[in-house]
Amino acid sequence: MFMRYLVFLSAILCANILLGSCSEEKLAADKETSSNFEEGELTLASLKLAVNSFEVDVQSDSRAPEEDTEAERAIHDIWVFQFDATENHNLLIYPRYYTIANQSELDNLQVWLKPNITSTVYIVANTNQPNWITDETDVSSRANLEAQELYNLEPQFTNEGQSLSIPMTGYKDNVIINEESGTATNEVTIPVTRMFAKLCVKANINIDYMTLRSIAISRIPKASKVTARTGEGDDKTDYQNGYYYWNTTTFDLNGEEEHIVYVAENMQGIIEEDNNSGKNEGNAPAKALRLTVEVDRKDPVTGDNTHPNYVVYPGGNVLTDFNIKRNCIYNVTINITWDQDVHIPSSNCFVVVPGNLLSFEPYYREEKGGGYNFKDYLDVNDETGKKVIDKVEIIWQSKDAIGDNSNGDLVWYNSETQKIYVKTNTEGNALIAAYNKDDEIIWSWHIWVTDHDPANLSNAVRYTTYVWDSNGIYPDRPRTSGLEVMSCNLGALANEPENGQDTKPFGMLYQWGRKDPFPPVLKGNPGNYTVQNVGEYYDNSNEQVVGMTSAVDSTQLFHSISGTYMLNLSDPVYYAIQHPTVFICGTKEVMKGEQYVENILNYVAEGDWNHKHDDKLWGGLPPADDGSMEKYTINSQRNVHIYDNYGSSKTIFDPCPYGWRTAPGELWLGFTKTGLNPTNWDEVNNYPAPGWNSSWWGTYIYMQSWKGENGNGYTYFPNQGTRVGDGYGIRVGSCGNYHNATTDSDNRVNILHIHNSARLFHIFEFEFPMYYVKSVAGPIRCVRDPNPGQ
């Protein structure tokens, strides 16, 4: 897996734009709103709408100043507001929306204004949104207008033949309109400023065995405030919900040397530390605008074809400034003059776009959590050869996720580069495995093939949660900020459903502490792991695997072993590594049914799939009652608590991609009004998405405040069911059971058990052992790892 970080920032060109001359033709408002006041008599005024050229301040580029184009100056519609000159700057007239069919009309654009009063005239242009301001929108004062936001501000690419309509704002103070009749003799000149920045991007590749493949731009906001943000303190472009950012977009290269895009401002601030390494993924704010240059590279030694990426963060300088300011031009030249590999650590899951080539170094791991040593399992220098990769194959894949690898040309290991290569095909999931010389599986990796960019931080939502200590949970206090939460379940093919029973947002299922996924059950209650209930899966040759089961049958994919059998294993963790598709039951017997798994007496090892019990497998800490960690008792009779036992480091068994890890237990607290299990649905922090009702196979949850009062961030949690301790899949569409990294006393996991009813919405599950034992397989929602490599 390749990643480079380069920044060659050429220039920043800032401009103030003036509105100029007018016409005599009357222009009626296309839309006006009503307000709770009488605006009285109005008169016509003429707005000068001639847009001046950019003012250029070249900082680091010798390129000559550029004249702005006619398209960049064009104005197609305007919203007109008028406020009085009092301290509150109250609205004087109904907001009106005017469309401009021909640019010649800008010679004299007539609008209705209130005469004979000192006022401020405010313009918002090129919204293309006649319903932006409605009767319910509070623009009763200038401050309220400036706090409004424009939404769905699409990036505009000139190389792709798009016509431009760049949003602009501006105002003029101390305006007095004289009352006239018949014609507009009052003239008002208003300076306006573009709300978008202009990026001019060039890539120069000076290596003969590399060619440009693509240039992508990501983390582009969909929204912008009317007034400019400063990028200081809390005044940053920091929308917590991924909905407010466009998906990664690729320039249409089309043989052009320079590629131009106009985007909404993205003010991420200036980082404090002075560094000489430039801006990179390690110091960039989570939502900083990013350019990714992908190249085709044919290795001059091995002939391997790969697609390494070079990452660039534009801004005010090459070291610390991550602001993309409105009305500025950023000339970004990316010079690729070297080909030194930057080693990115391996992980247990890789997110890959369909049709791409992934390469990664399987022996290179950085995780230090739990004290585990990766070389105990994989070691290129192992003299016995037991830990050395001999070959790599596909164990299972959804249809065409990778394809027919019978010739070893889609998934392979190169012993010279010590890298594994995977060519993906269509969206889906796959599990590949490395085998030693004795044909034993020594490690395996989840390949998540999707183009909805789940690992992109701009799609994530940062959660907030309640403050708590040993005396209680405090929902009335200000929340504490948490980590960014991935926009979907691990392995899901969509963030949100297209309809109430859509299964694309379903993720993979994981037994607590294991690194390898099981596909979700799509129907059945209980559901055996058959083609009818799970869907079609394919082998290394892309041939359908017909034999699948939850039963004890080693010839079948996804089969189970009983808890009784597990007790005889010397090392269940090592067994799980060698048998990543085998479900290790926590019950004495397999496939016994719901009544059986509801009785804790039918489990062995307290329902754990590992009789040795290890609370550190996913980076949590063993619960301690010695005062070394906070502990709050939820239910003393059932011995239920929340511990402050989220470790600081990810482990080698964590199933999340690099840069992400399994979530802490405190994540669930904010999902209810009290931080405890709710007594009614009104106590669930549910976002009522359009069309949503309780029959849906999932629910939306506000992530940042109670009912979104201090932040609109929300995300979708599907009720995708689970695979319980006897191997059966149950509750598809009605029940969600989400794992996190931490555990409670008695080897109980802190699972989030949700239904679309308050009775079974449990952020602390202690009623049903089939949900809280470690052998249950549930979905995972990863969070951003704040300490990668530690």
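Numbering (mature numbering (1 follows the signal peptide of the UniProt record, and there is no 0)) for the sequence shown: -28 to -1, 1 to 762. Cβ coordinates follow ideal geometry from the N, Cα and C atoms, glycine included.
request  = Could you tell me if the beta carbon of residue 507 falls within a distance shorter than 7 Å of some heavy atom in the ligand MN?
outcome  = Ligands displayed in this structure: none; no statement on the ligand MN is therefore possible.
key: Local Cβ density within 10 Å of residue 148, reported as buried at 16 or more and exposed below that   = Per the 10 Å Cβ criterion, exposed.
ask   = Shortest alpha-carbon distance to residue 195 belongs to which of 421, 99, 79 and 170?
value = Nearest of 421, 99, 79 and 170 to residue 195, Cα basis: 99.
ask   = So, using beta-carbon positions, are residue 851 and residue 708 closer together than 8 Å?
value = For residue 851 there is no data in the structure shown, the boundaries of the chain being -28 and 762.
task = Report yes or no: do the stretch 610 to 621 and the stretch 630 to 646 share at least 3 C-beta pairs separated by less than 8 Å?
result = Because the criterion of three Cβ pairs below 8 Å is met, the stretch 610 to 621 and the stretch 630 to 646 touch.
query = Along the chain, where does the alpha helix (DSSP H) that runs through residue 505 open and close?
reply = Taken as a continuous stretch (DSSP letters only), the alpha helix (DSSP H) holding residue 505 covers 503 to 506.
query = At which residue ranges does the stretch 330 to 415 contain complete beta strand (DSSP E) runs of 3 or more residues, listed in the order of the chain?
reply = The stretch 330 to 415 contains these whole beta strand (DSSP E) runs: 363 to 369, 383 to 386, 391 to 395 and 400 to 407.
request  = Check the DSSP bridge columns for residue 556 and list the partner residues they point to.
outcome  = Paired residues: 533.
key: residue 182: first and last residue of the uninterrupted beta strand (DSSP E) it sits in   = Note, residue 182: beta strand (DSSP E), 182 to 190.
Runs of alpha helix (DSSP H) lying entirely within the stretch 426 to 495, each at least 4 residues, in chain order = With a minimum length of 4 residues, no continuous alpha helix (DSSP H) run stays inside the stretch 426 to 495.
key: Close-in-space but distant-in-sequence residues of the same chain around residue 469 (CB under 6 Å, 5 per side omitted)   = These residues qualify, in order along the chain: 477.
CA-to-CA distance, residue 40 to residue 750, given in whole angstroms = The alpha-carbon atoms of residue 750 and residue 40 are separated by roughly 55 Å.
inquiry  = By the DSSP assignment, the beta strand (DSSP E) with residue 54 in it spans what residues?
reply    = Residue 54 -> beta strand (DSSP E) spans 49 to 56.
key: Inside the stretch 607 to 672 only - beta strand (DSSP E) runs reaching at least 3 residues   = 612 to 615, all fully within the stretch 607 to 672.
ask   = What is the rounded straight-line gap between the Cα of residue 50 and the Cα of residue 121?
value = Those two C-alpha atoms are separated by around 15 Å.
request  = Pick helix, strand or coil for residue 754, following the three-state DSSP scheme.
outcome  = Residue state for residue 754 is assigned as coil, using DSSP reduced to three classes.
task = Would you kindly work out how many angstroms separate the C-alpha atoms of residue 482 and residue 416, rounded to a whole number?
result = Cα to Cα, residue 482 sits roughly 14 Å from residue 416.
request  = Measuring alpha carbon to alpha carbon, tell me which of 559, 151 and 256 ends up nearest residue 90.
outcome  = When each option's Cα is compared against that of residue 90, the closest is 151.
message = Does residue 304 come out as helix, strand or coil in the three-state DSSP assignment?
response = Residue 304: strand per DSSP, three-state reduction.
inquiry  = Only counting the same chain, and skipping five residues up and downstream in sequence, which positions put a Cβ closer than 6 Å to that of residue 561?
reply    = Only 534 meet the Cβ criterion.
key: CB of residue 269 within 8 Å of CB of residue 181, strictly   = Against a cut-off of 8 Å, the Cβ pair of residue 181 and residue 269 comes out as a contact.
inquiry  = For the alpha helix (DSSP H) containing residue 569, name the first residue and the last one.
reply    = Residue range 566 to 569 is occupied by the alpha helix (DSSP H) that includes residue 569.
key: residue 93 versus residue 144 - alpha carbon distance   = Distance between the alpha carbons of residue 93 and residue 144: 5 Å.
query = So what does DSSP say about residue 30, is it helix, strand or coil?
reply = Any reading at residue 30 must be qualified, since the residue scores a pLDDT of 38, below 50, and its modelled position is unreliable; no value is offered.
message = When you compare the stretch 515 to 533 with the stretch 709 to 724, are there three or more beta-carbon pairs, one atom per stretch, that lie closer than 8 Å?
response = Not touching, per the Cβ criterion.
query = Unbroken alpha helix (DSSP H) runs of length 4 or more, entirely within the stretch 92 to 152: which are they?
reply = Given a length threshold of 4 residues, each whole run of the alpha helix (DSSP H) inside the stretch 92 to 152 is given here in chain order: 114 to 119.
message = Does the contact criterion of 3 or more C-beta pairs under 8 Å hold for the stretch 353 to 369 versus the stretch 402 to 418?
response = In short, these stretches touch, since the Cβ pair count reaches three.
query = Which residue comes first and which comes last in the beta strand (DSSP E) that contains residue 544?
reply = Segment 544 to 550 is the alpha helix (DSSP H) holding residue 544; no beta strand (DSSP E) there.
Helix, strand or coil at residue 317 according to DSSP, with G and I counted as helix = Assignment of residue 317 by DSSP, reduced to helix, strand and coil, places it in the coil class.
ask   = How should residue 719 be labelled, buried or exposed, when 16 other C-beta atoms within 10 angstroms of its C-beta is the threshold for buried?
value = Buried.
ask   = Can you name the start and end residues of the beta strand (DSSP E) that residue 159 belongs to?
value = Annotation for residue 159: the continuous beta strand (DSSP E) segment containing it runs 158 to 161.
ask   = residue 805 and residue 529 look like a contact to me (Cβ under 8 Å); what is the Cβ gap, rounded to whole Å?
value = There is simply no residue 805 to check, as the chain begins at -28 and stops at 762 in what is shown.
request  = Compute the distance between the beta-carbons of residue 765 and residue 704, then report whether it is under 8 Å.
outcome  = Here the chain comprises residues numbered -28 to 762, so residue 765 is not present and cannot be evaluated.
request  = Indicate the three-state DSSP secondary structure (helix, strand or coil) for residue 177 in the structure shown.
outcome  = Three-state DSSP puts residue 177 in a strand.
query = Around the C-beta of residue 590, are 16 or more other C-beta atoms found within 10 angstroms, so that it is buried, or is it exposed?
reply = The residue in question, residue 590, is buried, as its Cβ has 16 or more Cβ neighbours within 10 Å.
ask   = Going by the beta-carbon positions, is the gap between residue 222 and residue 175 smaller than 8 Å?
value = Taking 8 Å as the Cβ cut-off, residue 222 and residue 175 do not qualify as a contacting pair.
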